[in-house]
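Numbering (our numbering), first residue to last: 198 to 645.
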């Protein structure tokens with residue numbers, strides 16, 4: 198049984214590695230790809246597509262648990278993988294309607310995929326193995342930042358224009374990768390709790406027919422969804438969630454910036470010359486390294502009582518503000534909004550590749566600071582209502598990521614950075630207030 202569960206976790210991680218190698222690479226380069234299309238009939242925007250994905254994803258999270266409970270996590274993930282593959286396939290022969298239609302579908306698929314992943318991981322873990330299994334899964338997932346972006350660097354380095362042939366080669370490769378990840382979910386094997394295994398061995402046949410069991414499971418899923426939705430509405434009225442919502446909103450803004458906007462800015466910077474397009478891939482890799490370093494270090498550091506969550510969040514704010522200031526000095530102001538041409542404006546400094554990649558690392562590092570501590574404080578405060586609390590987190594984060602993607606194609610870089618600085622400072626301050634309230638509550642309980 199233990200070997201089967203490890204096998205399932207590894208296959209799960211490999212499936213996500215393949216699918217997100219395709220999708221993460223696609224998200225990082227799609228606005229650059231859209232700008233390079235030699236197609237007058239295509240009027241889509243990579244920013245708008247990503248905005249639609251995150252917007253649909255945020256609302257679909259409310260229905261995803263019901264779907265997973267009815268059809269099971271394995272086939273939910275397989276179906277979601279097909280939707281991811283469809284989105285990648287659109288870039289081989291792009292058209293505006295299919296581009297936006299698959300954006301809607303992948304938003305729905307993403308909610309189902311991540312809900313099913315959490316359900317399946319818990320099914321294949323117990324109290325003694327959940328940390329190990331989660332670590333194995335996330336280690337495989339984070340590698341998705343590496344391979345696709347590395348290919349982009351080698352293929353695009355020295356290119357000023359992305360040809361149709363190059364685009365088709367890249368996305369056919371990404372499509373094959375995504376399909377492999379989708380098919381790997383069919384290799385997952387079902388594990389039963391020990392008590393169910395004993396019942397099957399002793400009784401031979403289930404007491405209920407498959408149709409009755411399916412109907413009961415569907416009814417139970419609907420009831421669970423209703424009760425969870427009511428709990429979400431109750432939690433949204435609490436002071437803790439209202440305060441943390443500022444920090445959650447900031448995590449959505451900076452998610453959109455590092456995952457889709459910053460790479461596009463680097464690729465559009467005239468002063469980087471022929472190396473600009475290849476640097477998009479390297480930037481994605483360096484962001485991933487920052488995420489891995491931050492997640493590993495702060496996961497270990499926060500086990501020591503001398504380090505508080507507030508210290509890590511404050512560090513994340515400082516790291517991000519340093520990155521924003523360097524980006525302001527190093528990247529032209531019109532980089533996010535130029536269409537067919539490269540940048541025309543001049544930054545304060547002569548654009549430096551080293552500074553640009555340092556900022557990529559700082560963006561990833563700061564993101565890991567905020568996300569690890571948001572997960573930590575929600576897990577502590579809402580230990581008994583963790584599912585609705587995390588659903589609220591993903592909902593707020595995704596809504597603000599969607600909003601940021603929609604304005605990214607219209608606002609100059611300075612204004613985008615200013616919005617993140619204001620919300621980042623407010624979010625950090627609110628996080629400090631929540632931590633102080635929680636510490637005060639603990640002190641009162643100890644006194645009485």
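Using N, Cα and C, we set each Cβ at its ideal position, and we do this for glycine too.
All values derive from a computational prediction rather than experimental measurement.
Helix, strand or coil at residue 431 according to DSSP, with G and I counted as helix:
Here residue 431 refers to the residue found at position 234 when the chain shown is read from its first residue. Correct three-state label for residue 431: helix.
For residue 612, is the classification buried or exposed, using 16 other Cβ atoms within 10 angstroms of its Cβ as the cut-off for buried?
The residue labelled residue 612 in the question sits at position 415 within the chain shown. That one is exposed.
With distance defined between alpha-carbon atoms, name the residue in 454, 585, 615 nearest to residue 260.
If you number the chain shown from 1, residue 260 lands on position 63. Minimum Cα distance to residue 260 is reached at 585.
So is residue 292 buried or exposed if we call it buried at 16+ other beta carbons inside 10 Å?
Numbered from its first residue, the chain shown carries residue 292 at position 95. With fewer than 16 other Cβ atoms within 10 Å, it is exposed.
Which runs of the alpha helix (DSSP H) fall wholly inside the stretch 563-615 and span at least 4 residues, in chain order?
583-605
Using a threshold of 8 Å, state whether the C-beta atoms of residue 455 and residue 484 are closer than that.
In the chain shown, the residue the question calls residue 455 occupies position 258. In the chain shown, the residue the question calls residue 484 occupies position 287. Their beta carbons are under 8 Å apart, which means residue 455 touches residue 484 by this criterion.
Does residue 284 pass the burial test, meaning 16 or more other C-beta atoms within 10 Å, or should it be called exposed?
Along the chain shown, read from residue 1 onward, the residue named residue 284 stands at position 87. Classification of residue 284: buried, given that the 10 Å Cβ count is 16 or more.
What are the boundary residues of the alpha helix (DSSP H) that residue 253 is part of?
Working through the chain shown from its first residue, we reach residue 253 at position 56. That run of the alpha helix (DSSP H) goes 243-257.
Just to check my reading of the structure: residue 466 and residue 529 have Cβ atoms closer than 8 Å, yes? What is that Cβ distance to the nearest angstrom?
As a working note, residue 466 is residue 269 in the chain shown. As a working note, residue 529 is residue 332 in the chain shown. Correct: roughly 6 Å between the Cβ atoms.
Terminal residues of the continuous alpha helix (DSSP H) containing residue 276?
Locating residue 276 in the chain shown gives position 79, counting from the first residue. That run of the alpha helix (DSSP H) goes 270-287.
Beta-carbon separation of residue 617 and residue 558 under 8 Å?
For this step, residue 617 is matched to residue 420 along the chain shown. For this step, residue 558 is matched to residue 361 along the chain shown. Contact flag unset, no.
Are the CB atoms of residue 445 and residue 593 within a distance shorter than 8 Å?
As a first step, residue 593 must be located in the chain shown, where it is residue number 396. As a first step, residue 445 must be located in the chain shown, where it is residue number 248. Contact flag set, yes.
Sorted by chain position, which residues of the same chain lie with C-beta nearer than 8 Å to residue 241's C-beta, five sequence neighbours on each side aside?
The residue labelled residue 241 in the question sits at position 44 within the chain shown. Excluding positions up to five away in sequence, the list reads 231, 291, 293, 296, 297.
Contacts around residue 628, its chain only, beta-carbon distance under 6 Å, and the 5 residues preceding and following it disregarded
Position 431 of the chain shown holds residue 628. Excluding positions up to five away in sequence, the list reads 444, 510.
Distance between residue 428 and residue 185 (C-alpha atoms, nearest Å)
Outside the shown range of the chain, which is 198 to 645, sits residue 185, and nothing can be said about it.
Which residues in the same chain as residue 531 place their Cβ atom closer than 7 Å to its Cβ, once the five residues preceding and following it in sequence are excluded?
Locating residue 531 in the chain shown gives position 334, where the first residue counts as 1. Once the five neighbours on either side are set aside, the close Cβ partners of residue 531 are 540, 541, 542, 609.
How is residue 218 classed by DSSP in three states: helix, strand or coil?
Within the chain shown, the letter at position 21 stands for residue 218. Looking at residue 218 - three-state DSSP - the assignment turns out to be helix.
When the Cβ atoms of the stretch 302-309 are set against those of the stretch 374-387, are three or more pairs found closer than 8 Å?
no
Check whether the stretch 264-271 touches the stretch 561-569, taking contact to mean three or more Cβ pairs, one atom from each stretch, closer than 8 Å.
no
What whole-angstrom Cβ distance do residue 309 and residue 282 have, given they're in contact under 8 Å?
For this step, residue 309 is matched to residue 112 along the chain shown. For this step, residue 282 is matched to residue 85 along the chain shown. Wrong, their Cβ atoms sit about 14 Å apart, outside the cutoff.
When burial is assigned at 16 or more other CB atoms within 10 Å of the CB, is residue 442 buried or exposed?
By one-based count along the chain shown, residue 442 stands at place 245. With 16 or more Cβ atoms within 10 Å of its Cβ, residue 442 is classed as buried.
How far does the alpha helix (DSSP H) with residue 319 in it extend, from its first residue to its last?
Residue mapping note: residue 319 aligns to position 122 of the chain shown, counting from 1. 293-320 is the extent of the alpha helix (DSSP H) around residue 319.
What three-state label does DSSP hand residue 379 in the structure shown?
The residue given as residue 379 occupies position 182 in the chain shown. Note: residue 379 maps to helix in three-state DSSP.
Boundaries of the alpha helix (DSSP H) in which residue 524 is found, first to last residue
Residue mapping note: residue 524 aligns to position 327 of the chain shown, counting from 1. Element bounds for residue 524: 506-527.
Proximity winner among 348, 626, 235, 204, relative to residue 506 (alpha-carbon distances)
Within the chain shown, the letter at position 309 stands for residue 506. Residue 626 is the option with its Cα nearest to residue 506.
Return the CA-CA distance between residue 475 and residue 367, expressed in angstroms with no decimal places.
As a first step, residue 475 must be located in the chain shown, where it is residue number 278. As a first step, residue 367 must be located in the chain shown, where it is residue number 170. Rounded to whole angstroms, residue 475 to residue 367 spans 13 Å at the Cα level.
Measuring alpha carbon to alpha carbon, tell me which residue in 486, 623, 213, 227 is nearest residue 364.
Residue mapping note: residue 364 aligns to position 167 of the chain shown, counting from 1. Checked all of 486, 623, 213, 227; the closest Cα to residue 364 is 227.
Helix, strand or coil for residue 346? Go by DSSP, reduced to three states.
In the chain shown, the residue the question calls residue 346 occupies position 149. Helix.
Since I believe residue 596 is in contact with residue 252 (beta carbons under 8 Å), could you give me their beta-carbon distance rounded to a whole number of angstroms?
The residue labelled residue 252 in the question sits at position 55 within the chain shown. The residue labelled residue 596 in the question sits at position 399 within the chain shown. Indeed, because the Cβ distance is near 7 Å, the residues count as touching under 8 Å.
Exposed or buried, residue 355, counting other C-beta atoms within 10 Å across all chains shown (16 or more means buried)?
Within the chain shown, the letter at position 158 stands for residue 355. Exposed is the call here.
Would DSSP call residue 225 helix, strand or coil?
Position 28 of the chain shown, counting from 1, holds the residue named residue 225. Correct three-state label for residue 225: helix.
How long is the line joining the alpha carbons of residue 209 and residue 200, rounded to whole angstroms?
By 1-based counting over the chain shown, the position of residue 209 is 12. By 1-based counting over the chain shown, the position of residue 200 is 3. The alpha-carbon atoms of residue 209 and residue 200 are separated by roughly 14 Å.
Have a look at 218, 247, 235, 515 and flag the residue whose alpha-carbon is nearest the alpha-carbon of residue 600.
In the chain shown, residue 600 corresponds to position 403, counting from 1. It is 247 whose Cα lies nearest to the Cα of residue 600.
Contacting residues, own chain, Cβ-Cβ under 6 Å from residue 255 (five flanking each side not counted):
As a first step, residue 255 must be located in the chain shown, where it is residue number 58. Closer than 6 Å at the Cβ level, and outside the excluded window around residue 255, lie 592, 595, 596.
Just the C-alpha distance for residue 348 and residue 322, rounded to the nearest angstrom, thanks.
Working through the chain shown from its first residue, we reach residue 348 at position 151. Working through the chain shown from its first residue, we reach residue 322 at position 125. Those two C-alpha atoms are separated by around 35 Å.
Could you compute how far the alpha carbon of residue 273 sits from the alpha carbon of residue 481?
What you label residue 273 is simply residue 76 of the chain shown in a count that begins at 1. What you label residue 481 is simply residue 284 of the chain shown in a count that begins at 1. Spanning the two alpha carbons is a distance of roughly 29 Å.
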